[in-house]
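Residues 1 to 248, numbered by full-length UniProt numbering, are exactly what the sequence shown covers, in order.
Glycine included, every Cβ here is placed at the ideal spot set by N, Cα and C.
Note that this is a predicted model, so its numbers are computed, not measured.
For reference, the structure discussed in these notes is given below.
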Amino acid sequence: MLTNERYKKIAEYLKEKQSAKVKELAEYLFVSPATVRRDLVDMQKLGMLERSHGGAIYVENSNEVSIFIRLEKNAKEKELTASVALEHLPDFQTVFIDNSSTCLALAERMNLTHKTIITNGLQIATKLSQKKDVTLFMPGGEVHFNTNSVTGSITCNMLQRIKIDLMLSSCAAISNKAAFEQSLDTAIIKRTAFEQSKLRYLIADRTKFSLEAPYQTMPLASYDAVISNLGDSDAQELNAQGINIINK
1 MLTNERYKKI AEYLKEKQSA KVKELAEYLF VSPATVRRDL VDMQKLGMLE
51 RSHGGAIYVE NSNEVSIFIR LEKNAKEKEL TASVALEHLP DFQTVFIDNS
101 STCLALAERM NLTHKTIITN GLQIATKLSQ KKDVTLFMPG GEVHFNTNSV
151 TGSITCNMLQ RIKIDLMLSS CAAISNKAAF EQSLDTAIIK RTAFEQSKLR
201 YLIADRTKFS LEAPYQTMPL ASYDAVISNL GDSDAQELNA QGINIINK
């Protein structure tokens, strides 16, 4: 069983039972107690649980869901959307890539040789740091273990000093013809990057159009393009409303 799968099963088990011992989880997952202990240590760092004597306790997660869980959720939809985006990316020298699992799926497949990348995502920075001939910047700020991201006023201040050719951003939800986030900090970071960028592309798979979140970033019509794997009829309807939807 993959690590992410164990995390997900442990989280679901704790949500149902509220607490569990290491031995109990080991038997549930068919793994060794040592493996469970390591998982619990890592999951606590990610803000997914609280450790107790001999086990773990369920806690309500922050509004943001761990990026490791988001990577698994609707993975096929994200890959399809990333494939559409790859065919329509404009020329750029400097790009901001946000801390989203959708943009991570896209960034891993982009040719970023001799490009400058700015990101607030630890996971994305780790992946892209392995590519050759890439200049990578990560603004400082408060680190959030559950989302593997940095946010806050320091992050925004640093972004405000950078001129960006292209912004690649996803969102938690799309409703009322606008993009929304689950946390205010995340929404502010994306607004700041939006203001600093010449071109702004929203990358969002079709499942985002049926979700809701509390904090608006920008109206869809403000983006130069909204790239999705929406069906043709839905895309045509939004295009008719002045929103540049690219779905194939």
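Spanning the alpha carbons of A235 and D205 requires a straight line of approximately 12 Å. Membership of T186 in the alpha helix (DSSP H) is indicated by the continuous run 184-196. If you look at D232, you'll find it isn't in any beta strand (DSSP E); it sits in the alpha helix (DSSP H) that goes 232-239. The beta carbon of A85 sits closer than 6 Å to the beta carbons of L106, I203, I227 from its chain, once the five residues preceding and following it are set aside; these are given in chain order. Only residues of its own chain outside the window of five on either side were considered, and among them Y7, I10, A11, L49, A56 have a CB closer than 8 Å to the CB of M43, listed in chain order. By the neighbour-count criterion, in which a residue is buried when 16 or more other Cβ atoms sit within 10 angstroms of its Cβ, N157 is exposed. Between the segment 171-185 and the segment 132-139 there are fewer than three inter-stretch CB-CB distances shorter than 8 Å, so the stretches are not counted as touching.
CA-to-CA, the gap between Y215 and D185 works out to about 9 Å. Here the alpha carbon of I243 sits roughly 10 Å from the alpha carbon of A178. Annotated as proximal: T94 and I164, with beta-carbon spacing under 8 Å.
At a Cβ-Cβ threshold of 8 Å, S197 and M167 count as neighbours. Counting other Cβ atoms within 10 Å of its Cβ, E16 stays below 16 and is therefore classed as exposed. Residue burial is scored here from C-beta neighbours: D232 has fewer than 16 other C-beta atoms within 10 angstroms and is therefore classed as exposed. Straight-line spacing of the CA atoms in T81 and L230 works out to 9 Å. The three-state secondary structure of D165, taken from DSSP, is strand. DSSP lists L168, A225 as the bridge partner or partners of Y201. A direct Cα-to-Cα measurement between L112 and L89 gives close to 12 Å. Here Q160 is exposed, its C-beta having fewer than 16 other C-beta atoms within 10 Å. Pairing L29 with V36 gives a Cβ-Cβ distance under 8 Å.
Between D98 and G121, the gap from beta carbon to beta carbon is short of 8 Å. When only Cα atoms are considered, L199 and A193 end up about 10 Å apart.
Following the DSSP letters along the chain, one finds A213 in no alpha helix (DSSP H), marked with neither H nor E.
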